[in-house]
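Novice: Below: one structure in structure tokens.
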Amino acid sequence: MRSRKPAVLVAAAVCGCLALAGCGGGPSAAAGKFSDGKVVIGLLNDQSGVYKDVSGPNSKVAIQMAIDDYKAKYGAKAVAKTIEIVTADHQNKPDIANTKAQEMYDRQNADIILDVPTSSAALAVATVAKAKRKLFIDITAGTTALTGKSCNKYTYAWAYDTAMLAKGTGEAVVKNGGKSWSIVYPDYAFGQNMNKSFTEAVTGAGGTVQQSISTPFPNDNFATFITKAASTNPQVIGIMAAGGDLINFVKQYNQAGMQSKAQLAVGLMFITDIHSLGVDQFAGTSFTDPWYWNLDAQNKAWSDRFLAKTGTRPTFAHAGNYSAAMNYLEAVQAAGTDDADAVRKQLDGKKINDVFLRNGEVRSDHRVVHDVYLVKVKSKSQVTQPWDYEKIVATIPAADAFEPVSVDCKM
Amino acid sequence: MTQQIKGSSGIIEPDLARRVNLDTAEHDVINPDLTRSPGKGRRRSPLRWIMLAVGLVATLALPWLVYPPVAMDIAAWALFAISVDLLLGYTGLLSFGHAAFWGSSSYVTGLIAINWGVPFPLAILGGMLFAMAIAVPIGYLSVRRTGIYFAMVTLAFAQMVYFVANQLSGLTGGENGLQAIPRSFFGIESVETDSFTFYYAAIGLILLGTWAAWRIVHSPFGRVLVAIRDNPARARALGYDVDRYKIIVFVLSAGLAGLAGGVFAISHGFTSLQELEWTTSGKVVLITVLGGIGTLWGGPLGAAIVVTLEDWLTSSGFEGTGIILGSIFVLIVLLFRHGIWGTTQDLFQRRRKAD
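So the sequence lines, in the order shown, correspond to chains A and B. First residue of the first sequence: -1, per my numbering; consecutive thereafter. First residue of the second sequence: 28, per my numbering; consecutive thereafter.
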């Protein structure tokens, strides 16, 4: 008899663990079919880590704005009566993004997933979208693979990619007189691609790249690389690092007194980077921005609405999420269903002009091309209001901004 | 003399050694030799069969209880944790670089599946063999050190593997990861597309790995490992080639980690640098310690808790997943020093004594 008691207890403990394990959700549900007029938009992004401010929870606000605008526009005629948003935090981990995307499509009946920063995570979601035959519009991840080797019928890239950043900044800076370049890049795929794209863009526009210097990644001390980059007296120093490495580089660049010696061009930068480090540190830096909140009255008006709801100015990712959600809902309206294949046909080839996309067009490889902007960071004295950090130097027309359709893309 | 040898044995942490030592003396559940001692063994064996049955039922019922891909994650992490437990709990070696085997196997599995389209168990076998192959030199060089130095050396090797994979972007896709790994399974479509049936197709591999770990632990070889853990100097004095035993168990452990990593890669349909990152090594040690080291059951328990919790927190809208997991870890280590399974065992032990 004595042996029974522990056995029962062990069984109870295991059952307890199972109950605990089960708290993630009930029995598995089959893939949802649209029937009840409900549209579910999944927002999958980084809500706690480095990209929290770039996109994060505020993108939900932006998507909600799109839903409100859609309902206001169509009123009683709206085919999607109930529109829901479901969110998840992928913490920039591709395996979590992959599982969550499956879960959103399968269990939460998401019809579309939006955003997904971090290239590997976005590619992981694209794989799921293809397998589940559901839509995915990427906004915050910049890899060209989404519209290249890994492209598929259900995946769109809405805002930008690394090739466009290089093309925009590289060509425009050369045209504005910055002919000789030194490029510093972190030695991993993103940095290598950026270095290649920038070199092509600069030499293509008639400039010269005197040297390309690779740095370890991640890295803290850039002093030797800055000295080496400056040794040939280039007019422009291009830095391809992102995030924390970029901030470190720029700090050390300024401490070395380089600000007056060479112009700094940054490969990938978000307005939140400027905000966190202070506009003075970045003053005079050139980069390409897919969207700026204070470009014109239309952007400003939308940004004011966003500011009233969130207390902060929108990044291009927020506007991109709004635009993607809005155009998706418009496509649902036109198709009269949320069936992915029907909606996809509405989106393909569509020409769009909205608050985010100017002269926008959904290309055959599902890259959305649109006007982008070469900007220079203002100096502190030029800043007239909070978040007023960027001066538009040139508008790069949609046709020139992006690389042509990739030959690797076979849908 | 004995005292001296004992004193000099200082593996990982004296505290850990003492605690596991106590366990082996008290808990026959992990000590087959004691179970066989007269009078005791017959009484306890039904308990073990019940546990085994409950564990098996739980494994098979898992995809009904949680979302199937999450269930597969739990199973993969469970085997991964068991592989770490084999080293940490039974040999007294804290490997802080097991992501190297889990991750490299996931890449090799993926590459085999993509390039040759073979049924996924074969691809996973390839990944597992690769993990064991790289474990030979890593193990050979690491086992010469113990304790924190062993942990650091394994971490260093894991970082090397990480950067190699990062640089070989032509092969591995760099930080974009390896995408679209097919899930071929003799043309049976429900396994290839439905994650629910896939679970049952792949769980066999996980159970096989778990069984292998159980066999290793309960074999004479496993007894030598425990002897090495408790007192390497004495084991050496008894004529065992301690380093060779350590290398062998290191390679076996890497194989199990590789098996788990391969299943993980196939289940997700892709793999990325994250699987090679040191945080992955940290997570699996966390899972093992949380569940209870030196128990084999601890790994699956810890994996179930951590993976489910992570999954649940990501869609909870709460912004600090790390804070919650970290706090739980701190609480468990402070309150249940032997991990969840270890503490449960202790409780039974105490009750039994009280009876």
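For each residue, glycine too, the CB sits at the ideal point set by N, CA and C.
(1) Looking at chain A, is there any beta carbon in it that lies within less than 8 Å of the beta carbon of D268 (chain B)?
(2) What residues from chain A crowd round P96 (chain B), counting only those whose CB sits closer than 7 Å?
(3) Is D93 (chain A) close to chain B, meaning its C-beta is less than 8 Å from at least one C-beta of that chain?
(4) At 9 Å on the CB atoms, spell out the chain B contacts of A122 (chain A), in chain order.
(5) Spatial neighbours of G20 (chain A) within its chain, please: C-beta separation below 6 Å, excluding the five flanking residues on both sides.
(6) In whole angstroms, give me the CA-to-CA distance for Q344 (chain A) and A329 (chain A).
(7) Sorted by chain position, which residues of the same chain lie with C-beta nearer than 6 Å to D51 (chain A)'s C-beta, five sequence neighbours on each side aside?
(8) Which same chain residues end up closer than 7 Å to F213 (chain B) when comparing Cβ atoms and leaving out the 5 residues on each side of it in sequence?
(9) In the DSSP assignment, find the beta strand (DSSP E) that holds W179 (chain A) and state where it starts and stops.
(10) Count the other CB atoms within 10 Å of the CB of Y227 (chain B); is the residue buried (16 or more) or exposed (fewer)?
(11) Could you give the residue range of the alpha helix (DSSP H) that holds S342 (chain B)?
(12) Please name the residue in B:A126, B:G130, B:G296 and B:L138 whose C-alpha comes closest to that of T125 (chain A).
(13) Counting only C-beta atoms, is G22 (chain A) closer than 8 Å to chain B at any point?
(14) Run through chain B and tell me which residues come within less than 9 Å of H88 (chain A), C-beta to C-beta.
(15) Residues in its own chain within less than 6 Å of S222 (chain B) by CB, not counting five upstream and five downstream?
(16) Does DSSP put A103 (chain B) in a helix, in a strand, or in coil?
(17) What is the rounded straight-line gap between the Cα of Q194 (chain B) and the Cα of L336 (chain B)?
(18) Kindly confirm or deny that the region 132 to 146 of chain B and the region 234 to 248 of chain B touch, where touching means at least three C-beta pairs closer than 8 Å.
(19) From what residue to what residue does the beta strand (DSSP E) around K104 (chain A) run?
(20) Buried or exposed: where does Y371 (chain A) fall if 16 or more other Cβ atoms within 10 Å of its Cβ makes it buried?
(21) Can you round the beta-carbon distance between Y158 (chain A) and P312 (chain A) to whole angstroms, since I take them to be within the 8 Å contact cut?
(22) Run through chain A and tell me which residues come within less than 9 Å of S132 (chain B), C-beta to C-beta.
(23) I want to see whether chain A comes within less than 8 Å of N142 (chain B), judged by CB atoms only; does it?
(24) Indicate whether at least one CB of chain B lies closer than 8 Å to the CB of S33 (chain A).
(25) Here's the rule I'm using: 16 or more other beta-carbon atoms within 10 Å means buried, otherwise exposed. How should D338 (chain B) be labelled?
(26) I'd like to know if G201 (chain B) contacts chain E, where contact means its C-beta is closer than 8 Å to some C-beta of that chain.
(27) Please name the residue or residues paired with T85 (chain A) in a DSSP beta bridge.
(28) Return the residue from the list A:A78, A:L163, A:Y103 and A:A120 that minimises the CA-CA distance to M267 (chain A).
(29) Applying the 10 Å Cβ sphere with the 16-neighbour rule, what's the burial state of K379 (chain A)?
(30) Please determine if the region 199 to 219 of chain A and the region 170 to 184 of chain A are in contact, where contact requires at least 3 C-beta pairs separated by less than 8 Å.
(31) Would you tell me roughly how many angstroms separate the C-alpha atoms of W291 (chain A) and S211 (chain B), rounded to the nearest one?
(32) With DSSP as the reference, label T220 (chain B) as helix, strand or coil.
(33) State the Cα-Cα distance for the pair I165 (chain B) and T181 (chain B), rounded to the nearest angstrom.
(34) So, is K79 (chain A) buried or exposed, given that buried needs 16 or more other C-beta atoms within 10 angstroms?
(35) Could you tell me the alpha carbon to alpha carbon distance between S64 (chain B) and Q376 (chain B), rounded to whole angstroms?
(36) Mind reading off the beta-carbon distance from L114 (chain B) to S342 (chain B)? Whole number of angstroms is fine, and I expect it under 8 Å.
Specialist: So, to answer that:
(1) Looking up residue 268 (chain B) in the second sequence gives position 241. By this cut-off, D268 (chain B) is not an interface position.
(2) Residue mapping note: residue 96 (chain B) aligns to position 69 of the second sequence, counting from 1. Near P96 (chain B) (Cβ distances below 7 Å), the residues of chain A are T97 and Q100.
(3) As a first step, residue 93 (chain A) must be located in the first sequence, where it is residue number 95. It does: the Cβ of D93 (chain A) has a partner Cβ on chain B nearer than 8 Å.
(4) Translated into the one-based positions of the first sequence, residue 122 (chain A) becomes position 124. In chain order: G204, Q206, H295, G296, F297 and S299.
(5) Position 22 of the first sequence, counting from 1, holds the residue named residue 20 (chain A). For G20 (chain A), the predicted structure reports a pLDDT of 37, less than 50, and the residue's modelled location is therefore unreliable. A value from the coordinates is still provided. Same-chain partners within the cutoff: there are none.
(6) On the first sequence, position 346 is the one that residue 344 (chain A) refers to. On the first sequence, position 331 is the one that residue 329 (chain A) refers to. Roughly 5 Å between the two C-alpha positions.
(7) One-based indexing of the first sequence puts residue 51 (chain A) at position 53. Counting only Cβ-Cβ distances below 6 Å, and skipping sequence neighbours, we find T270.
(8) Here the question's residue 213 (chain B) lines up with position 186 in the second sequence. Contacts found: P146.
(9) Reading the first sequence from its first residue, position 181 is the one you call residue 179 (chain A). Per DSSP, W179 (chain A) belongs to the beta strand (DSSP E) from S178 to P184.
(10) Along the second sequence, read from residue 1 onward, the residue named residue 227 (chain B) stands at position 200. The residue in question, Y227 (chain B), is exposed, as its Cβ has fewer than 16 Cβ neighbours within 10 Å.
(11) Stepping through the second sequence from its first residue, residue 342 (chain B) is reached at position 315. Here S342 (chain B) belongs to no alpha helix (DSSP H), and DSSP marks it neither H nor E.
(12) Residue mapping note: residue 125 (chain A) aligns to position 127 of the first sequence, counting from 1. Among B:A126, B:G130, B:G296 and B:L138, the Cα nearest to that of T125 (chain A) is on B:G296.
(13) For the purposes of this step, residue 22 (chain A) is taken as residue 24 along the first sequence, with counting starting at 1. The pLDDT assigned to G22 (chain A) is 36, lower than 50, so where the model puts this residue is not dependable; a value taken from the coordinates is nonetheless given after this. Yes, G22 (chain A) lies at the interface with chain B (some Cβ there is under 8 Å from its Cβ).
(14) Looking up residue 88 (chain A) in the first sequence gives position 90. Result: T341.
(15) Here the question's residue 222 (chain B) lines up with position 195 in the second sequence. If we look at S222 (chain B) and ignore the five residues flanking it on each side, its Cβ neighbours are P95 and P96.
(16) The count along the second sequence starts at 1 and reaches residue 103 (chain B) at position 76. Under the three-state reduction of DSSP output, A103 (chain B) falls in the helix class.
(17) Here residue 194 (chain B) is taken as the residue at index 167 of the second sequence, counted from 1. Here residue 336 (chain B) is taken as the residue at index 309 of the second sequence, counted from 1. Rounded to the nearest angstrom, the two C-alpha atoms are 33 Å apart.
(18) no
(19) Start at 1 with the first residue of the first sequence, and residue 104 (chain A) comes out as number 106. Sequence inspection shows Asp at residue 104 (chain A); the Lys mentioned does not correspond to that position. Premise fails: D104 (chain A) lies in the alpha helix (DSSP H), P92 to D104, not in any beta strand (DSSP E).
(20) Here the question's residue 371 (chain A) lines up with position 373 in the first sequence. Burial check for Y371 (chain A): the Cβ neighbour count within 10 Å reaches 16 or more, so the residue is buried.
(21) Here residue 158 (chain A) is taken as the residue at index 160 of the first sequence, counted from 1. Here residue 312 (chain A) is taken as the residue at index 314 of the first sequence, counted from 1. Their Cβ separation, rounded to whole angstroms, is 15 Å, which puts Y158 (chain A) and P312 (chain A) out of contact at 8 Å.
(22) Position 105 of the second sequence holds residue 132 (chain B). None at all; the shortest Cβ gap to chain A is about 15 Å.
(23) Taking the first residue of the second sequence as position 1, residue 142 (chain B) is located at position 115. Not closer than 8 Å to any Cβ of chain A, the Cβ of N142 (chain B) fails to qualify, so no.
(24) Looking up residue 33 (chain A) in the first sequence gives position 35. Confidence at S33 (chain A) is low in this model, with a pLDDT of 44, below 50, so its placement is unreliable and no value can be given for it.
(25) Stepping through the second sequence from its first residue, residue 338 (chain B) is reached at position 311. Under a 10 Å Cβ-count criterion, D338 (chain B) is classified as buried, with 16 or more other Cβ atoms of the shown protein chains found around its own Cβ.
(26) Among the protein chains of the structure shown, namely A and B, there is no chain E.
(27) Counted from its first residue, the first sequence places residue 85 (chain A) at position 87. Partner(s): A:L41.
(28) Translated into the one-based positions of the first sequence, residue 267 (chain A) becomes position 269. For M267 (chain A), the nearest C-alpha among the options comes from A:L163.
(29) For this step, residue 379 (chain A) is matched to residue 381 along the first sequence. Sequence inspection shows Ser at residue 379 (chain A); the Lys mentioned does not correspond to that position. Taking every protein chain shown into account, the CB of S379 (chain A) has fewer than 16 other CB atoms within 10 angstroms, so this residue is exposed.
(30) These segments touch.
(31) To locate residue 291 (chain A), count along the first sequence from 1; it is residue 293. To locate residue 211 (chain B), count along the second sequence from 1; it is residue 184. If you take the alpha carbons of W291 (chain A) and S211 (chain B), they lie about 48 Å apart.
(32) By one-based count along the second sequence, residue 220 (chain B) stands at place 193. Reduced to three states, the DSSP call for T220 (chain B) is helix.
(33) Reading the second sequence from its first residue, position 138 is the one you call residue 165 (chain B). Reading the second sequence from its first residue, position 154 is the one you call residue 181 (chain B). Going by the C-alpha atoms only, they are around 7 Å apart.
(34) Here residue 79 (chain A) is taken as the residue at index 81 of the first sequence, counted from 1. Under this definition K79 (chain A) is an exposed residue.
(35) Counting from one through the second sequence, the residue named residue 64 (chain B) turns up at place 37. Counting from one through the second sequence, the residue named residue 376 (chain B) turns up at place 349. Confidence at S64 (chain B) is low in this model, with a pLDDT of 38, below 50, so the placement of that residue should be treated as unreliable; the coordinate-derived value is given next. Approximately 17 Å, taken between the alpha carbons.
(36) Here residue 114 (chain B) is taken as the residue at index 87 of the second sequence, counted from 1. Here residue 342 (chain B) is taken as the residue at index 315 of the second sequence, counted from 1. The beta-carbon separation of L114 (chain B) and S342 (chain B), rounded to 34 Å, does not stay under the 8 Å limit for a contact.
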